[in-house]
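Contents: one structure, followed by commentary.
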Ligand SMILES: [Zn+2]
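In my numbering, the protein residues as written are 14 to 327.
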């Protein structure tokens, strides 16, 4: 039987930790898989490594050639490091793989909507056509969205529950006019406010998404539940633990409703931010709790219900 969760992962996606980088996100794919290995989630997933690094042409879907070439070559350094992360050849190679991983997971979600596809990656949603920004190098969401629309006519939506507004998609609409079809305006969902206001805004947006999906206007939905929307995160402030988990419950319940209406809609997950150098397992634990909710509410894996209450951030 096919496991209900497919995680797209290659060891070379995660370079060695750089002592000078504030963000530990580049190594999060490896640390997240190690974390999952010690949880009951592990028996419900398979790891897939069948994807190749993005090409220069794919990067050019969302970026200006000057920026793409500077990052590929590592110079000029100010441009190659406009993401705020130290440039090294292994880091460059990992960025080409994390962006490819996101595209592979979304394509797999569309190809087999019965399976939830996951790209355990971060580092996309602040990038702009001509530079990186805020630990984000390339606009993986925009690259994947345009590739899937231009090659196959697919239209997507994002539920971006990272603590920071995902500006990549909005900042790329002028650069690529057909992004308005690939990821329609209003379907780059980033709830605003804090606590009850945040959850109310999320619910409002999920209703809008459900209407659009019911009308057949959405082929895939991506969820990125960044752990930096938790109030104890060093760069976050929106949600208590209970509220953060409730955001996951609301999201996957809405996706289950959408899939009952439109079974062909694929669902892909990504990680996005999370910054707790005082207690890194809290970030991984939150991501695991979110993934468990996807498996229970969307994948029908009842036996993980107990696990959903187990992990608590410290
Ligand atoms: Zn963030």
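No residue lacks a Cβ here, since even glycine has one placed at the ideal position from N, Cα and C. Keep in mind the model is a prediction, meaning the values are calculated, not measured.
Using three-state DSSP, classify residue i as helix, strand or coil.
i, result
"residue 281", "strand"
"residue 22", "coil"
"residue 46", "helix"
"residue 302", "helix"
"residue 196", "coil"
"residue 165", "helix"
"residue 171", "strand"
"residue 57", "helix"
"residue 242", "helix"
"residue 288", "coil"
"residue 321", "helix"
"residue 309", "helix"
"residue 190", "coil"
"residue 123", "helix"
"residue 134", "coil"
"residue 314", "coil"
"residue 143", "coil"
"residue 29", "coil"
"residue 267", "helix"
"residue 157", "helix"
"residue 296", "helix"
Since I believe residue j is in contact with residue i (beta carbons under 8 angstroms), could you give me their beta-carbon distance rounded to a whole number of angstroms?
i, j, result
"residue 92", "residue 156", "Incorrect: roughly 18 angstroms between the Cβ atoms, too far for contact."
"residue 139", "residue 181", "6 angstroms"
"residue 311", "residue 260", "Their Cβ separation, rounded to whole angstroms, is 15 angstroms, which puts residue 311 and residue 260 out of contact at 8 angstroms."
"residue 324", "residue 287", "Not really, about 14 angstroms apart at Cβ, beyond 8 angstroms."
"residue 168", "residue 194", "6 angstroms"
"residue 250", "residue 207", "6 angstroms"
"residue 153", "residue 96", "Rounded, the Cβ-Cβ distance is 12 angstroms, inconsistent with contact."
Looking only at its chain, what residues have a beta carbon closer than 8 angstroms to the beta carbon of residue i, apart from the 5 residues adjacent to it on each side?
i, result
"residue 327", "292, 294 and 295"
"residue 173", "138, 179, 201, 202, 203, 237, 239 and 285"
"residue 317", "53, 54, 57, 305, 308 and 309"
"residue 100", "84, 87, 90, 93 and 94"
"residue 248", "176, 177, 241, 286 and 288"
"residue 275", "226, 227, 229 and 231"
Is any non-hydrogen atom of ligand 2 found closer than 7 angstroms to the C-beta of residue i, if you look at the structure I gave you?
i, result
"residue 289", "For the structure depicted, ligand 2 is absent and the ligand set comprises only ligand 1."
To which residues of the same chain is residue i closer than 6 angstroms at the C-beta, ignoring the five residues directly before and after it?
i, result
"residue 119", "157, 233 and 281"
Among the residues of its own chain, which have a CB less than 7 angstroms from the CB of residue i, if the five just before and after it don't count?
i, result
"residue 81", "69, 72 and 73"
"residue 314", "17, 57 and 308"
Using a strict less-than 7 angstroms threshold between each residue's beta carbon and the heavy atoms of ligand 1, what residues do you get? 175, 176, 177, 239, 241, 248, 285 and 286
Whole alpha helix (DSSP H) runs in the stretch 200 to 230 with 4 or more residues, listed along the chain? 208 to 227
Can you list the alpha helix (DSSP H) stretches of 4 or more residues lying completely in the stretch 61 to 117, in chain order? 69 to 72, 78 to 86 and 90 to 93
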